[in-house]
Amino acid sequence: MQMCGTFHELDNIDPDIHLYHNVDMTCDYYSGEELDPKIKGFSLIHFNSRSLYSNFFKIKEYLDQFQNKFAVVAISETWLNDDRELQDGLEGYEMFWQNRRNRRGGGVAIFVISCLKCKIVNNMTAVVDNLMECLTIEIQVERSKNILVSCIYRTPASCMDQFMREISVILEKHKEKTTLFCGDFNIDLLKANDHNKTSEFTDTMFSFGFYPLILKPSRIKMDSATLIDNIFFNKIDGKIHSGLLVTDVSDHLPVFSVLEMNNQFNIREEKIDYIGRIKTPEHIAAFKRELENYDWKKVYVEDTNDAYNAFLDIFLSIYDSHCPLKKFSENLKKKKPWMTKGLERACKRKNKLYKIFLTNRTKENEDKYKKYRNRLTTILRYEKKSYYEKLLQKSKNNIKATWSVLNKIIKNQNNICFPTCIVKEGNVAIKNIESIVNEFNDYFVNVGPNLAKEISVPGRHDDKFLNFTSYKCNSMFLGGVCESDIIDVVSKFKSKKSMDCDGLDMSLVKEVLHSILQPLTYICNKSFQTGIFPDKMKIAKVIPIYKNGDKQVVSNYRPVSLLPTFSKILEKLFENRLNSFLEKYDLLNDHQYGFRRNRSTSLAVMEFIENIATIVDKKQIGIGVFIDLRKAFDTIDHSLLLQKCERFGLRGVVQLWLNSYLERRFQYVSINNMKSKLRQVTCGVPQGSVLGPKLFLLYINDICTASDILKYVMFADDTNFFCSGDNIKELLKTVEIELMKLNRWFVFNKLSLNESKTKFMLFGGIKNNIEVKLNLNNVEIERVNETKFLGVIIDDKLCWKSHIDHVKRKLSKSISILYKTRDLLHKSCLYLLYTSLCLPYMSYCVEIWGKTYKTYLDSIFKLQKRAIRIINKAGYRESTNQFFVGSAMLKFKDIIYLKTLEMMYRVVKKNVPICILSMFKLRDGKYDLRGSYMFEIPKVRTNAKYRCVSVLGVKLWNGLNDELKMCYSLSFFKKILKNCIFQSYRNLV
Numbered sequence: 001m002q003m004c005g006t007f008h009e010l011d012n013i014d015p016d017i018h019l020y021h022n023v024d025m026t027c028d029y030y031s032g033e034e035l036d037p038k039i040k041g042f043s044l045i046h047f048n049s050r051s052l053y054s055n056f057f058k059i060k061e062y063l064d065q066f067q068n069k070f071a072v073v074a075i076s077e078t079w080l081n082d083d084r085e086l087q088d089g090l091e092g093y094e095m096f097w098q099n100r101r102n103r104r105g106g107g108v109a110i111f112v113i114s115c116l117k118c119k120i121v122n123n124m125t126a127v128v129d130n131l132m133e134c135l136t137i138e139i140q141v142e143r144s145k146n147i148l149v150s151c152i153y154r155t156p157a158s159c160m161d162q163f164m165r166e167i168s169v170i171l172e173k174h175k176e177k178t179t180l181f182c183g184d185f186n187i188d189l190l191k192a193n194d195h196n197k198t199s200e201f202t203d204t205m206f207s208f209g210f211y212p213l214i215l216k217p218s219r220i221k222m223d224s225a226t227l228i229d230n231i232f233f234n235k236i237d238g239k240i241h242s243g244l245l246v247t248d249v250s251d252h253l254p255v256f257s258v259l260e261m262n263n264q265f266n267i268r269e270e271k272i273d274y275i276g277r278i279k280t281p282e283h284i285a286a287f288k289r290e291l292e293n294y295d296w297k298k299v300y301v302e303d304t305n306d307a308y309n310a311f312l313d314i315f316l317s318i319y320d321s322h323c324p325l326k327k328f329s330e331n332l333k334k335k336k337p338w339m340t341k342g343l344e345r346a347c348k349r350k351n352k353l354y355k356i357f358l359t360n361r362t363k364e365n366e367d368k369y370k371k372y373r374n375r376l377t378t379i380l381r382y383e384k385k386s387y388y389e390k391l392l393q394k395s396k397n398n399i400k401a402t403w404s405v406l407n408k409i410i411k412n413q414n415n416i417c418f419p420t421c422i423v424k425e426g427n428v429a430i431k432n433i434e435s436i437v438n439e440f441n442d443y444f445v446n447v448g449p450n451l452a453k454e455i456s457v458p459g460r461h462d463d464k465f466l467n468f469t470s471y472k473c474n475s476m477f478l479g480g481v482c483e484s485d486i487i488d489v490v491s492k493f494k495s496k497k498s499m500d501c502d503g504l505d506m507s508l509v510k511e512v513l514h515s516i517l518q519p520l521t522y523i524c525n526k527s528f529q530t531g532i533f534p535d536k537m538k539i540a541k542v543i544p545i546y547k548n549g550d551k552q553v554v555s556n557y558r559p560v561s562l563l564p565t566f567s568k569i570l571e572k573l574f575e576n577r578l579n580s581f582l583e584k585y586d587l588l589n590d591h592q593y594g595f596r597r598n599r600s601t602s603l604a605v606m607e608f609i610e611n612i613a614t615i616v617d618k619k620q621i622g623i624g625v626f627i628d629l630r631k632a633f634d635t636i637d638h639s640l641l642l643q644k645c646e647r648f649g650l651r652g653v654v655q656l657w658l659n660s661y662l663e664r665r666f667q668y669v670s671i672n673n674m675k676s677k678l679r680q681v682t683c684g685v686p687q688g689s690v691l692g693p694k695l696f697l698l699y700i701n702d703i704c705t706a707s708d709i710l711k712y713v714m715f716a717d718d719t720n721f722f723c724s725g726d727n728i729k730e731l732l733k734t735v736e737i738e739l740m741k742l743n744r745w746f747v748f749n750k751l752s753l754n755e756s757k758t759k760f761m762l763f764g765g766i767k768n769n770i771e772v773k774l775n776l777n778n779v780e781i782e783r784v785n786e787t788k789f790l791g792v793i794i795d796d797k798l799c800w801k802s803h804i805d806h807v808k809r810k811l812s813k814s815i816s817i818l819y820k821t822r823d824l825l826h827k828s829c830l831y832l833l834y835t836s837l838c839l840p841y842m843s844y845c846v847e848i849w850g851k852t853y854k855t856y857l858d859s860i861f862k863l864q865k866r867a868i869r870i871i872n873k874a875g876y877r878e879s880t881n882q883f884f885v886g887s888a889m890l891k892f893k894d895i896i897y898l899k900t901l902e903m904m905y906r907v908v909k910k911n912v913p914i915c916i917l918s919m920f921k922l923r924d925g926k927y928d929l930r931g932s933y934m935f936e937i938p939k940v941r942t943n944a945k946y947r948c949v950s951v952l953g954v955k956l957w958n959g960l961n962d963e964l965k966m967c968y969s970l971s972f973f974k975k976i977l978k979n980c981i982f983q984s985y986r987n988l989v
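Numbering (UniProt numbering) for the sequence shown: 1 to 989.
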């Protein structure tokens, strides 16, 4: 080859002229606002975090300001370790990481946006002790070569020669794919001309076809400026935009690159359009005024349907005129609600001061910037905390709203998931949204009828279940409605904003109620007089909510039914009258605890445990069977329900009204404003209705007629029964016979027993290794050692260890929320979260399971102390007694004590069912010398019975002073008792 002979001839082979001439080698500093519109294509940003545990939130906050999302976020100096998880992630991104192994520090991580398919490239990923951490991921690109992204952190002062050897091995494997190497190299490229090793490094990178995109200092101090953070790129034929972002997220400026490619990388926080109503206070006020002044004479007609149709048409017409529908548009990434315009201007001022410092690094400029930054940071933190405190205080009595606020704080994704494709039988995929909503509606409507068809009903002529139990009681009288009745009913409804099929919600109705009282009262009275439930009140809007499993299978969704708002008012008025009638004649089974006043799940669990403990204490053997019914509310036969109601005294116009209420009901499914066709609901009680649960109780009320031997405990469709005896073989035979009788009752009542999910448990002196079998319909019922009943895990030893483990798991997850939000919320809000998310687990049914072995309970108390330390930002081993006093929080053992005595107070006041009251016996003479109740303490043999409320609770009650026993109300009793407990805490401080 002929050698070049002159200087000018060198130009012919100069790569800068012939190879890199199209490469944009300019680099500049940008604000976030300046860069945002330029993020089009494949975008990468790199941060040096100096610990993700402490600074990740600042990085997320900074990224949230961008409308356009970066495809890849790379982070060096993560300082993560394998023993401690990162508490949070970037929403919408998948995380990959490599941690330092033998000492603290270092580490790299890469976050890739979820819509991109990617994987770790193992042969380009390495961790070398005391040298570097490198992570490489490969991103799939349609119609092009895949993209490789490597993030590297080099340990400061480590051997440069070794580093270049290791990185050369990695660089050799990129195989000409589009590749970006980013990270903190701790090699100052500004010294490339003066430092041999730095020059060798840049030469090595160029030798593999990589050139640096960042040309200006990335770490700027008062007395120095270095370029140690960079992005190296190996393509010269693509348009690329790169630079540094001016932000004080860390002491290293973030570096970025944007490579123009196909549209799949244009990831933007798009605006969403939705239809909503204009409901300003002025519009609502005008709406109310016209309702008040309107002449409702069209409503006052004889036909109930015509009256309601006229009322609804008028109401909706006036609503449309004053609160019209409008198309709204908003960004998915909303502006931070606590950021006022003044604070936004202050942030811009801070960034301007920072830029002035970067361009003119004087002590005066640095001090001015830092002083302004620190003051602004304090103000922003205060405003953010105050904002969330107000939201949580506003939603403190609404757990759903509380979770909504928490999701905003923690940035969890919405749990509502709508499918874009479903698969029918035969693997037929449906992607059309109109077909999808109709498929959902068909499935939901047919669940009940399909189950009912599977039930083979024997000949009816020879079965006692057709001769319903006759109740000798008067017929129910459906009294008239006055305006105060409606006001009282509506005031007790929650102000929900979920819209029904008419586009109305309860919060709106509550606001305008007084303007429509007269016509609404007329319609309710007309409905009760004629026995007609208006047809337009019988249309349900159904929203499918994903449960679990394959998202493309409709059976993995549950229906949430939104009934017309005005129908709920009419239903509640009827239910109030029905409740009075049922209570007056004591028609419902005493062992039914569901949907009844002064009854709860804890009382149901208590009855079951007390009876089982008594069986064990008497050295008997007990069998408990836990029944599972398939879609019990959906399979109820309407004609059978009406026959039963008639025998309860719901006759005449009441029977007509119930028949009208149940017949000709329709529903449609709505997904993203797409509505299915209307389908008629032919069986079951209306899902989501006010009256449905009470009708279900009437339907199964005669279940006890199936067997005179079994003892039942029920909470709506959650049913269990138990039976006891001295001989296991005879007991099993008896239970099988009675279970067959019970199954016949289910068959005749169109209820589907699920044998595979029905379980039984053996209590008493039977060893687990003894083979015990129980059969039904030639199906063996599974024997278990523990099972969940009404949220409590019951074990066959009644030691409660399994339930306590369950509580611990739930508590740990709830406490993690306190941990995640402790820096964002004031102490008062953290305490509110504790009472909403932690306390319920510790207190639910604790009077039943909380008197077990101290070693089991200590683990819960430790978690409670961890929670209170987080709330008070205290050290890991700091004493907590002062915090319990200061926060007026009860220790776990005292929660047990309080809940047990609450139950005893209810027993004393006879505010419990008769079957519970019968477990307690007053001492002879009933009173002590001062007139307070004293109970007889039963003699027991076993710990299981001793720990029951009927024994240990009685001992605690008898030990109380007279002041507490004579309290006139439960709230006053609890107040005095708590004061005594807190005084004992103060004595320890």
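Backbone N, C-alpha and C fix where the C-beta goes; we use that ideal spot for every residue, glycine too.
In this text, all values refer to a predicted model and were calculated from it rather than measured experimentally.
Check for me: the beta strand (DSSP E) holding residue i runs from which residue to which?
i    : result
G92  : Run containing G92: none; DSSP gives neither H nor E here.
M761 : 759 to 763
R679 : 679 to 681
Y585 : Taken as a continuous stretch (DSSP letters only), Y585 belongs to no beta strand (DSSP E), as it is neither H nor E.
R154 : 147 to 154
R783 : 779 to 783
L343 : It is not in any beta strand (DSSP E) - L343 instead sits in the alpha helix (DSSP H) that spans 341 to 359.
Whose C-alpha, out of the options, is nearest the C-alpha of residue i?
i           : options                : result
M476        : Q655, K675, K408       : Q655
R103        : V121, V127, A109       : V127
P973        : S843, K618, L960, F528 : With the sequence shown as reference, residue 973 is identified as Phe, and Pro is not the correct amino acid for it. Ranking S843, K618, L960, F528 by Cα distance to F973 puts L960 first.
D303        : K288, M222, D36, G531  : G531
I671        : V249, V299, S435       : S435
I627        : A310, K510, E782       : E782
M714        : K729, Q592, L650, T821 : Q592
M339        : V149, I379, V912       : I379
L964        : K759, L898, R986       : L898
G622        : F608, L642, Q983, A604 : F608
residue 999 : I871, N230, V255       : Because residue 999 is not part of the residues shown, which for the chain are 1 to 989, the question remains open.
Got a sec, what are the start and stop residues for the alpha helix (DSSP H) residue i sits in?
i    : result
Y203 : Position check: residue 203 holds Asp in this sequence, whereas Tyr was assumed. Counting along the chain, the alpha helix (DSSP H) containing D203 begins and ends at 196 to 207.
A286 : 281 to 293
Residues in the same chain with beta-carbon distance under 6 Å from residue i, minus the five sequence neighbours each way, listed in chain order, please.
i    : result
P938 : V951
V301 : A307
K526 : T304, A307
F493 : M506
So, for residue i: in the same chain, excluding its five sequence neighbours on each side, which residues have a beta-carbon less than 8 Å away from its beta-carbon?
i    : result
I486 : L513, L517, L520, T521, C524, I569, L573
V246 : Y29, Y30, S31, L253, N351, Y354, K355, L358
N427 : none
Tell me, to the nearest whole angstrom, how far the beta carbon of residue i is from that of residue j; I am working on the premise that it is less than 8 Å.
i           : j    : result
K873        : F884 : About 16 Å separates the two Cβ atoms, so there is no contact after all.
Y841        : L811 : 5 Å
I543        : V554 : With 8 Å as the limit, I543 and V554 do not qualify as a contact, their Cβ atoms being about 13 Å apart.
C829        : L392 : 5 Å
K750        : I455 : 6 Å
D184        : Y153 : 5 Å
residue 990 : L824 : No answer is possible for residue 990: it lies beyond the span of the chain, which begins at 1 and ends at 989.
Please work out which residues of its chain come closer than 7 Å, Cβ to Cβ, to residue i, disregarding the five sequence neighbours upstream and downstream, and give them in chain order.
i    : result
K921 : F935, E936
Could you tell me which whole beta strand (DSSP E) segments of length 3 or greater appear in the segment 858 to 918? Taking only runs of at least 3 residues, no beta strand (DSSP E) segment lies wholly in the segment 858 to 918.
What ranges does the beta strand (DSSP E) occupy inside the segment 557 to 631, keeping only unbroken runs of at least 3 residues that lie completely in it? The segment 557 to 631 contains these whole beta strand (DSSP E) runs: 557 to 562, 621 to 627.
Unbroken stretches of the alpha helix (DSSP H), 4 residues or longer, contained in the segment 48 to 128: Those alpha helix (DSSP H) runs which fall completely within the segment 48 to 128 and span 4+ residues are 52 to 63.
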